[in-house]
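K.L.:
Protein chains in written order, with numbering that gives the first Met the number 0: chain A, 0 to 285; chain B, 0 to 369; chain C, 0 to 286. Quick one: the structure is below, and I'll ask about it shortly.
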Amino acid sequence: MGGWRRELDRFTRDRAATLGLILLLLLVVAAVFAPILSPFPGDVATFHTANRLRPPDAVNWLGTDRMGSDLLSRILFGARITITIAFVAVGSAVVIGVPIGLVAGYYGGWPSNLLMRVSDIFLAVPQIVLAIAIAQTLGPSIENVILALSITYWPFWARLVFAETRSVKNEIFIESAIALGASPLRVMTMHVLPNIASSIIVRTSIGMGATILTAAALGFLGLGAPPPTPEWGRMIAESREFLPEAWWYATAPGIAIFMVVMGFNLLGDGLRDFLDPRIRRGARGK
Amino acid sequence: MTALLAVEDLSLGFATEAGFASILDGASLSIDRGQVLGLVGESGCGKTTLARAILGVLPAETARITAGRVLFDGTDLLTADPAMVNRTVRGRAITFVPQDPFTSFNPIFTVGDQIMEILKWKSPRADQPPGRDWLPAVATRYPADRRRADFDAVLELLDAVQLPRPAQLLRKYPHELSGGQRQRLMIAMALLPGPDLVIADEPTTALDVTIQAQILGLIRRLASERHVAVLLTTHDLGAAYEICDAVNVMYAGQDVESAPVDRFFAAPAHPYTTKLLASLPDASGNARGIPGEVPVLLAPPRGCRFHPRCERADRSCRETRPPVEQLGGGSRPAGPLRRARCVRPARRRDQGGRWGVVRPDAGRSLRPGR
Amino acid sequence: MSFDLMPGEVFGLVGESGCGKSTLGKTIMGINQPTAGEIRFEGQQIDRLSPAARRAVRRSLQYAYQDPGASLDPRWKIGSSLREPLMIHTELDATARDQRIRSILEAVGLPDTHLELYPHEISGGQQRRVGLARILTLHPKVVILDEPTSGLDVSVQATVLALFRDLRERFALTYMLISHDLAVVRTMCSRVAVMYLGRIVETGPTEEIFERPRHPYTRSLLAAIPKIGGARVTRNFWLQGEPPDPANLPSGCRFRTRCPKATDLCAKEDPAPRPLSQALVACHFPD
């Protein structure tokens, strides 16, 4: 269906959103093709201390770190970690939060109150503090970072979906589906969910950006994976003692984080504009 | 005698994403002092747009007036000084009763506050010095004696529209009143500035039938008591029959027929009007719809816009808009005549008297004279 | 309030806003719960059923919204919307479903190509037909029509009503028509009930109600309708004021605050419906 082309055209009219999309595509390409794109793929694990702290030059485009590893390669491999954390943490938050919000919004009454108060409890916990606690008890690792993030993040989706479900529930087509005999499960999954999907998508995109920032902060604090994992936040932490002379050491991962978070935010904003007016116009216009 | 309001060949449209929508095409009407004119048409015919054009409240960015004049008491409102029009005409000489009284009120202020606010500016007792429009609203004084006189006028008018306990009512909020009460209030507010013309846009569409009967009766009575002209837009032919002196029919932005009310209902001339009256269910339950659909105004039909749905249409109908044709004159002395924009209007002779008879069970039917 | 709906008839429920007619429709459908009394459908009591049993009833008892087009999920293709009732209620296979849908589409006068379109891609009038088609896929016995012509232009009303009549014949339906528009009720219904503030004040055959109204409220309703070609009704319309607040109902007969015939008896005793000629009238002093 030629609809795809038309929609893509319409999307690309929003320059900022397109930029966001490009940035994210770069991230994905970097992660997927890291072994091919990196000039020194082995540098993730091996050290060449003779090369340590080289500024950017023809061989090492972004310079080297304190172990002599090529920064560019480490950053490319680090993209995998970034993507993993973002998608798994946010993915779990969505998978937990959306159904809770749906059920709470659809049924109302005391079950909904209960669910929303539980989500309030989790919301009240600061992410970083919880992450530190988990890292202390269970040891620092990427999995624990993801755990801490998703436990504290799912309430955002629960609230969003709760509010949207409550308002969509009053629409006539929902009432009519119920009148036709559709079971609550059917109504929730096949009618309510598709109609609130756009808000969820937008929130998810922006949430990814926020998660990456938090993950980088946690990595900076040393709570993420142990060295030599090329996690971007950790790389910035390592660079601290060598600043300001080895400026490239902090700049490279810093810019990488910046670009990715920016990409998610721009995409999220663009998606919001792209999805909503069209739906509203489509549903009512001719 | 010049008409109080004369719209002459007004054409305008809106610029939309999809193109230019030609909403009005050469629409004309005229109202005399104290006359109640019904502007009848179905949804999309442009009657609300015409009312807004007269008031001068069309959306400025998208509306484009391409031709025509709106003469109020001899002055063309479209070309007159906007500040002067704003001060003396809008909300003063011409007032408006909207279709939905609820959304016309600000929900967070009491009804009394809102009425007095209007009177601060538009009271007939207010002086209207030109050149002070630039003063911010809060800086304008509301002299106490004028305020008292205005307040008394409000109470008197609320009484005239049959609202019980007016002083108490003014202290209420809009959501505390019923639809009928709000509409009565809007009528009172429309009459407070002492206008010459009140434009009522579908004032009873949202109301129940018994309340509608009350409100229509009220409008008619107040209009004749105060010698105020009324332009009533409606799609309800029954309402037009009840209180209008004359009726103008619009279709897709063109005016197609105008006639004094009794003659209009007894013997419609234009094919659209005929079909419109035939589509009202009569006593035996028969009602004929009009085949086809209202044209999309982005690409309206040329000539007479009704021609795609008209069985009498011929080439000239499709090319040029028919001129105004006066009917039923002949040897009779001049008086309000029926006018129709049709190349082939129904004439009494042609139809063998079929339309010359008042159908006692036409309209929202019951036998008359009970 | 009480009334019976006979098979094959078109029963009209008239009243002004706030009289409860829409609430009645929704209560029958199970969207609202009654506080007293019972509702029987085909001999079976349906007002206190479990959700599963209720779903089975819904197959035969359907509800058409004021704008049936609004009952379509804007994100679903029309074909899917039409298929949904069959998937929920029947065991038909894909071919049988498809057949049924196509025949229904044809019955409402729409082409097969519409199955692949979204609601926003067709006109409002066509959306309305699709909405009706969806209800009819289950071949229900009774359809409650809630204000089917409200907000429509007069010329469109005639077409819509013709469609309803046609469908009724084709599918042997029984209608309960809820409307505030007396003209529509008069052309469509064989029997009419007039409601005021939650009570039925008069019931009877259509002609009887319209020609010989007996309850003062019914008379006022009929007196309020403009009669083109006849005398102007608004000049001497006698009903004053508005219906009282339903939270604060008058004692005895609910209409007594506006009734020209009200006496002490009316304030003390709420009149029960009594047969009078072919009608049932709830008034102490019917005409």
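Ideal placement from N, C-alpha and C gives every residue a C-beta, glycine not left out.
Assuming contact is defined by CB atoms lying nearer than 9 Å, are A212(B) and F236(C) in contact in what I supplied?
P.N.:
Cβ atoms of A212(B) and F236(C): closer than 9 Å.
K.L.:
Buried or exposed, going by whether 16 or more other CB atoms sit within 10 Å of the CB of K267(C)?
P.N.:
Looking at its Cβ environment, which holds fewer than 16 other Cβ atoms inside 10 Å, K267(C) is exposed.
K.L.:
Any residues in the region 9–34 of chain C with a beta carbon nearer than 8 Å to a beta carbon of chain B? Which ones, in chain order?
P.N.:
Answer in chain order: E15 and S16.
K.L.:
Using alpha carbons as the reference points, say which of D261(B), T233(B) and I242(B) lies closest to V248(B).
P.N.:
Nearest option by C-alpha distance: T233(B).
K.L.:
Quick check on the burial criterion: 16 or more other C-beta atoms within 10 angstroms. Buried or exposed for H113(C)?
P.N.:
Buried, since its Cβ has 16 or more Cβ neighbours within 10 Å.
K.L.:
Does the CB of P280(B) have a neighbour CB from chain C at under 9 Å?
P.N.:
Yes, P280(B) lies at the interface with chain C (some Cβ there is under 9 Å from its Cβ).
K.L.:
Please specify which runs of the alpha helix (DSSP H), each continuous and at least 4 residues long, are wholly inside the region 53–124 of chain A, giving them in chain order.
P.N.:
Listed in chain order, the complete alpha helix (DSSP H) runs (minimum 4 residues) inside the region 53–124 of chain A are 70–106 and 108–122.
K.L.:
Applying the 10 Å Cβ sphere with the 16-neighbour rule, what's the burial state of A51(C)?
P.N.:
Per the 10 Å Cβ criterion, exposed.
K.L.:
Under the three-state reduction of DSSP, which class applies to E240(A): helix, strand or coil?
P.N.:
Reduced to three states, the DSSP call for E240(A) is helix.
K.L.:
Give me the Cβ distance between E241(C) and S177(B), rounded to the nearest whole Å; I'm assuming they're in contact under 8 Å.
P.N.:
That belief holds up - the Cβ atoms of E241(C) and S177(B) are roughly 6 Å apart, short of 8 Å.
K.L.:
For the region 6–24 of chain A and the region 256–268 of chain A, state whether three or more C-beta atom pairs, one from each stretch, are separated by less than 8 Å.
P.N.:
Touching, per the Cβ criterion.
K.L.:
Would you call V142(C) buried or exposed, if buried means 16 or more other Cβ atoms sit within 10 Å of its Cβ?
P.N.:
Flag for V142(C) reads buried.
K.L.:
Starting from L85(C), trace the beta strand (DSSP E) both ways and give me its first and last residue.
P.N.:
Per DSSP, L85(C) belongs to no beta strand (DSSP E); it is in the alpha helix (DSSP H), I77 to H88.
K.L.:
Go to V153(C), then tell me how far its beta strand (DSSP E) extends in each direction, as first and last residue.
P.N.:
First-last for V153(C): V153 to F170, but that is the alpha helix (DSSP H), not the beta strand (DSSP E).
K.L.:
Please list, in chain order, the chain B residues whose beta carbon lies closer than 9 Å to that of L91(C).
P.N.:
Result: empty, since nearest Cβ-Cβ is about 35 Å, beyond 9 Å.
K.L.:
Tell me, to the nearest whole angstrom, how far the beta carbon of F2(C) is from that of I199(C); I am working on the premise that it is less than 8 Å.
P.N.:
That belief holds up - the Cβ atoms of F2(C) and I199(C) are roughly 6 Å apart, short of 8 Å.
K.L.:
Taking the continuous alpha helix (DSSP H) assigned at P73(C), which residues delimit it?
P.N.:
Note, P73(C): premise wrong, no alpha helix (DSSP H); not H, not E.
K.L.:
Going by C-alpha distance, which of E168(C), E207(C), M175(C) and V184(C) is nearest Q156(C)?
P.N.:
The shortest Cα separation from Q156(C) among E168(C), E207(C), M175(C) and V184(C) belongs to V184(C).
K.L.:
Since I believe T81(A) is in contact with V259(A) (beta carbons under 8 Å), could you give me their beta-carbon distance rounded to a whole number of angstroms?
P.N.:
Right, their Cβ atoms sit about 6 Å apart.
K.L.:
The alpha helix (DSSP H) that contains I199(A), what's its start and end?
P.N.:
Segment L192 to F219, the alpha helix (DSSP H) holding I199(A).
K.L.:
Under a CB-based cut-off of 9 Å, is L157(B) close to chain C?
P.N.:
No, because no Cβ of chain C sits closer than 9 Å to the Cβ of L157(B).
K.L.:
For a quick check, are the C-beta atoms of T204(B) and D235(B) less than 9 Å apart?
P.N.:
The answer is yes: Cβ separation under 9 Å.
K.L.:
Report the residues of the region 202–221 of chain B with a CB closer than 8 Å to any CB of chain C, ordered along the chain.
P.N.:
Flagged, chain order: D207, V208, T209, I210, Q211, A212, Q213, L215, G216 and R219.
K.L.:
Among the residues of its own chain, which have a CB less than 6 Å from the CB of Q126(A), if the five just before and after it don't count?
P.N.:
Hits under 6 Å: T151 and T213.
K.L.:
Compare the C-alpha of R146(B) against each of Q161(B), L162(B) and D112(B) and name the closest.
P.N.:
Ranking Q161(B), L162(B) and D112(B) by Cα distance to R146(B) puts D112(B) first.
K.L.:
Output, in chain order, the set of chain B residues within a Cβ distance shorter than 8 Å of S154(C).
P.N.:
Result: E41, K274, L275, S278, G288 and I289.
K.L.:
For I177(A), would you say it is in contact with chain C, using Cβ-to-Cβ distances shorter than 9 Å as the test?
P.N.:
Yes, I177(A) counts as interfacial toward chain C.
K.L.:
Name the chain B residues that come within less than 7 Å of S276(C), Cβ to Cβ?
P.N.:
Near S276(C) there are no residues of chain B at all, since even the closest Cβ is about 18 Å away, more than 7 Å.
K.L.:
Taking T164(A) and G100(A) to be in contact with their CB atoms under 8 Å, please state how far apart those CB atoms are, rounded to whole angstroms.
P.N.:
Indeed, because the Cβ distance is near 6 Å, the residues count as touching under 8 Å.
K.L.:
Quick one, which residues of the region 232–243 of chain B are near chain C if we go by CB-CB under 9 Å, in chain order?
P.N.:
Going along the region 232–243 of chain B in chain order, one finds H234, D235, L236, G237, A238, A239, Y240, E241 and I242 with a Cβ nearer than 9 Å to chain C.
K.L.:
Let me know if P332(B) comes out buried or exposed under the rule of 16 or more other beta-carbons within 10 Å of its beta-carbon.
P.N.:
Residue placement at P332(B) cannot be trusted, given a pLDDT of 35 that sits under 50; the coordinates are not used to answer.
K.L.:
Suppose you measure from the CA of N169(A) to the CA of V191(A); what does that come to, to the nearest Å?
P.N.:
Computed Cα separation, rounded: 11 Å.
K.L.:
How many whole angstroms separate the CB atoms of R63(B) and G12(B), which I take to be in contact at a CB cut-off of 8 Å?
P.N.:
With a Cβ gap of about 6 Å, R63(B) and G12(B) count as contacting.
K.L.:
Could you check which residue in E174(A), A88(A) and F46(A) has the C-alpha nearest to that of Y105(A)?
P.N.:
Of the listed residues, the one whose Cα sits closest to Y105(A) is E174(A).
K.L.:
Would you verify that the beta carbon of E201(C) is, or is not, closer than 9 Å to some beta carbon of chain B?
P.N.:
Judged by the 9 Å Cβ criterion, E201(C) is not in contact with chain B.
K.L.:
I'd like the list of long-range same chain contacts for A95(C), defined as Cβ closer than 7 Å, with 5 residues on each side in sequence excluded.
P.N.:
If we look at A95(C) and ignore the five residues flanking it on each side, it has no Cβ neighbours.
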